[in-house]
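Below you'll find the structure, written out as structure tokens, and then a few comments.
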Amino acid sequence: MKTKGVGASAGIGIGKVVKIHTSKPDLSTIVVESEREELARFEKGSKKFIQKMQHLSAKTEKKLGKEHAAIFDSQIMLLKDEELQEKVREAIAKGSSASQAVYDVTQYYAQKLAKVDNPFIRQRAADALELQEGMIKILFGMQDTSGLKQTEPTILVLDELTPTIAAQLDTTYIVGIVTEKGGFYGHALILARQMAVPVIFGKKNAMSVIPDGSLLAIDGISGELEWNPPKKALARWREKEQDWLRHQDLLSSFRTKPSVGRDGRSYQIMANINSVEEAGMAAEIGADGIGLFRTEFLFLERTKIPSEEEQFQAYLQVSELMKDKPVTIRTLDVGGDKPISYLHLPVEANPYLGYRAIRYGLEHPGEFKIQLRAILRAGAQHRNLSIMIPFITSVEEVRKTKELVEECKKELREQGIAFDENCRLGIMIETPSAALMARELAQEVSFFSIGTNDLTQYVLSCDRSNASVAGIYSAFQPAVLRAIGMTIEAANEAGIEVSMCGEAAASAPMIAILSGWGLTRLSVGLNSVWYVRERVTNVTKEEGQQLARKVSVARTHQEVMDIVKNKKSTMILDKTEQNKENEENGYVENL
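To convert, note that position 80 of the sequence shown is 80 in the UniProt record's numbering; the numbers rise steadily by one, no gaps.
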């Protein structure tokens with residue numbers, strides 16, 4: 001039987017179907033003990049839950065990095081929330097069992113959070129439900145989800161993939177996943193992509209339609225799946241699987257190859273990182289540098305701001321790991337989707353448009369200067385560090401930042417502390433105002449880095465995590481392309497460097513368009529470095545210019561995609577983009 005879902009994580013998987021049934025205990029069967037005993041059960045269960053999340057966090061950090069481990073840290077933070085703790089205790093005092101109290105309170109939180117406009121806070125609703133399921137299982141003494149430990153190639157079929165399940169996958173034998181529910185940008189799917197596990201979501205009635213124990217073949221790019229395929233069909237699937245594996249082997253060969261286009265044009269394919277450990281990984285895979293070091297992860301899981309010395313040591317390690325390769329350090333991008341409790345940021349109806357990033361930094365110059373001084377000092381030896389300021393909306397913000405940098409330099413000189421006198425200062429172009437003011441901003445800084453994630457969201461007034469508007473969110477919308485184009489043009493006119501560090505930088509069509517506009521510096525996730533390096537080997541400046549001219553005058557998103565689709569060169573469109581163009585929900589690019 002052949003059918004289709006939504007391809008969400010690339011790859012071909014062939015294996016035996018194992019269904020994961022989520023069992024929900026019957027809370028009505030609980031015999032309520034005394035208040036004291038129920039409170040003790042809650043405390044004991046909380047400790048076990050925290051230990052489990054810490055284990056999953058450590059396991060995920062080791063395998064995929066700190067950014068992805070934060071998924072589990074957020075559940076710990078939620079459980080430790082004073083208000084949640086108090087509500088659970090109040091419910092127990094009124095006669096509820098520990099399990100019923102946890103269920104009611106987390107359900108209340110989830111429903112409340114799901115109604116909030118802010119996408120980060122909405123994601124916390126999923127955290128609340130994960131917390132609910134995990135805590136109740138512990139309180140009932142239930143075992144972890146069965147089916148995750150296999151000894152032969154297996155494809156899991158389940159209602160919905162959660163981060164907890166994703167973190168426990170043994171990728172030696174779990175070769176694919178099919179779910180009934182899910183979203184392209186969900187935490188669990190992000191984890192699956194990082195682990196290179198093919199995933200198809202949105203297959204309605206998968207649990208009831210796909211036979212348990214049957215042989216299932218899936219294509220995580222096209223979304224196609226077939227169970228118990230006939231002999232000839234199975235042979236075709238095996239061939240596709242081998243083609244995919246050969247392609248992955250080919251990609252690994254790009255570790256030591258130069259980033260050069262088909263016409264001999266040089267590119268820089270750099271990595272986005274979140275920690276010192278990931279800088280080591282970037283060096284290991286042969287990245288041409290670090291195009292984005294997200295420093296906010298140094299500030300998380302703490303009770304106070306890291307000292308200048310702590311930050312200095314972290315930046316110095318990254319500088320030494322990359323040696324003669326460039327490293328761009330983004331200053332603290334706090335707020336929006338990255339709140340930090342000890343900074344006591346105000347509660348805002350829409351923090352994405354509020355008190356965040358450079359706005360916070362300029363209002364707290366003492367804290368900001370600690371980070372600036374640390375970066376300047378860390379660059380003294382290898383002189384390969386640059387400072388990048390996020391969320392710039394005006395020339396005034398840049399000038400105020402430059403004044404603070406000069407203050408830091410003056411202080412360091414007076415103190416006799418070594419630093420990089422020529423440390424470059426650049427900015428993120430991720431707001432419509434920055435794109436519109438690109439010519440003026442280019443006169444103030446040494447480089448631009450285009451952040452397509454936020455730029456796309458703000459230009460289109462479209463929340464990228466909201467499935468209802470997923471068909472609108474696209475870096476290939478004409479308005480977004482024009483904002484990108486005018487930014488690159490302004491940088492080229494001013495003779496300053498321009499790069500792209502958003503997720504669109506890993507999209508084959510975007511790589512070609514950017515090449516045509518003269519952008520040859522791309523910064524992508526660690527798992528995409530080899531892929532993008534392979535893509536640029538098929539790019540020529542002339543073909544890119546032809547494509548860029550056509551999309552520059554397109555009036556609709558469909559016109560852009562038609563132009564891209566009709567371009568015959570393989571450097572323009574790969575299977576992932578072609579598949580996403582056809583998806584019902586409008587996931588068009590490999591973002």
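A virtual CB, placed ideally from N, CA and C, is assigned to each residue, including glycine.
* Decide if G95 is buried, meaning its Cβ has at least 16 other Cβ atoms within 10 Å, or exposed. => exposed
* To do: Starting from M322, trace the alpha helix (DSSP H) both ways and give me its first and last residue.
  => E308 to M322
* Identify every residue that forms a DSSP beta bridge with T154. => DSSP output for T154 lists K16 and I174 as bridge partner(s).
* Could you tell me whether the Cβ atoms of I210 and V17 are closer together than 8 Å? => yes
* Asked: Distance, Cα to Cα, K568 vs R265?
  -> Caution applies to K568, whose pLDDT of 44 falls short of 50 and renders its modelled position unreliable; the model cannot decide the point.
* To the nearest angstrom, how far is it from the Cα of I429 to the Cα of A512? -> When rounded, the distance between both Cα atoms is 20 Å.
* Under the assumption that T162 contacts E130 (Cβ atoms under 8 Å), give the Cβ distance between them as a whole number of angstroms. => 6 Å
* Would you mind sorting K66 into buried or exposed? The rule is 16 or more other CB atoms within 10 Å of its CB. => Counting every other CB atom within 10 Å of its CB across the protein chains shown gives K66 a total of 16 or more, marking it as buried.
* To the nearest angstrom, how far is it from the Cα of D288 to the Cα of G416? -> Rounded to whole angstroms, D288 and G416 show a C-alpha spacing of 33 Å.
* Start-end ranges of the beta strand (DSSP E) lying completely within the stretch 367-451, minimum 3 residues -> Assignment of beta strand (DSSP E) within the stretch 367-451, counting only whole runs of 3 or more residues, yields 385-389, 424-429 and 447-450 in chain order.
* Asked: What does T3 pair with, by DSSP beta-bridge criteria?
  -> L225
* Asked: Using a Cβ-Cβ cut-off of 7 Å (strictly less than) and excluding sequence neighbours within five positions of T22, which residues of its own chain qualify?
  -> D159
* Asked: Under 8 Å between the Cβ atoms of V318 and F293?
  -> yes
* **DSSP state of I165 mapped onto helix, strand, coil** => helix
* **Local Cβ density within 10 Å of Q242, reported as buried at 16 or more and exposed below that** => exposed
* **Proximity to N274 [Cα-Cα], best of H557, Q477, R482 and I329** => Minimum Cα-Cα distance from N274 among the listed residues H557, Q477, R482 and I329 corresponds to I329.
* **Distance, A235 Cα to K63 Cα** => 33 Å
* Tell me whether Y342 is buried or exposed, calling it buried when 16 or more other Cβ atoms sit within 10 Å of its Cβ. => That one is exposed.
* To do: Count the other C-beta atoms from every protein chain shown that fall within 10 angstroms of the C-beta of E43, then say buried if there are 16 or more, exposed otherwise.
  => exposed
* Report the rounded CA-to-CA distance for K52 versus R41, giving the unit in angstroms. => 16 Å
* **H55 burial status per 10 Å Cβ neighbour count (16 or more: buried)** => exposed
* Asked: By DSSP, does E583 sit in helix, in strand, or in coil?
  -> In this prediction, E583 scores a pLDDT of 37, lower than 50, which makes its location untrustworthy; the coordinate-derived value is nonetheless stated afterwards. Coil, per DSSP.
* Cβ pair V459, G202 closer than 8 Å -> no
* Asked: Can you give the beta carbon distance from P153 to Y173, rounded, assuming they're within the 8 Å contact cut?
  -> Separation of the CB atoms of P153 and Y173 is rounded to 6 Å, and the pair is thereby assigned contact status at 8 Å.
* Asked: Per DSSP, what kind of secondary structure is N350 in: helix, strand or coil?
  -> coil
* Asked: Which word fits D324, buried or exposed, when buried means at least 16 other C-beta atoms lie within 10 angstroms of its C-beta?
  -> exposed
* Starting from Q268, trace the beta strand (DSSP E) both ways and give me its first and last residue. => Q268 to I273
* **Inter-stretch contact at 8 Å, needing at least 3 Cβ pairs: the stretch 522-537 / the stretch 267-282** => yes
* Taking 8 Å as the threshold, find out whether the stretch 350-358 comes into contact with the stretch 309-318 through three or more Cβ pairs. => Touching, no, given that fewer than three Cβ pairs across the two stretches are closer than 8 Å.
* Whose C-alpha, out of F391, V395, P390 and E421, is nearest the C-alpha of V405? -> Proximity to V405 across F391, V395, P390 and E421 peaks at E421, based on C-alpha coordinates.
* Asked: For the beta strand (DSSP E) that contains M500, what are its first and last residues?
  -> M500 -> beta strand (DSSP E) spans E497 to M500.
* **D219 - DSSP class collapsed to helix/strand/coil** => When DSSP states are grouped into helix, strand and coil, D219 belongs to the strand group.
* To do: Kindly indicate which residue of E83, C423, M135 and L522 has the alpha-carbon position closest to the one of Q103.
  => The displayed chain sequence assigns Tyr, not Gln, to residue 103. Taking the Cα of Y103 as reference, the smallest distance to any Cα among E83, C423, M135 and L522 is reached at M135.
* Leaving aside the five residues before and after K48 along the sequence, list all residues of the same chain whose C-beta is less than 6 Å from its C-beta, in chain order. => I138
* To do: Can you give me the start and stop residues for the alpha helix (DSSP H) that T106 sits inside?
  => A98 to A114
* **Identity of the residue in G261, A69 and L156 nearest V536 by Cα** => G261
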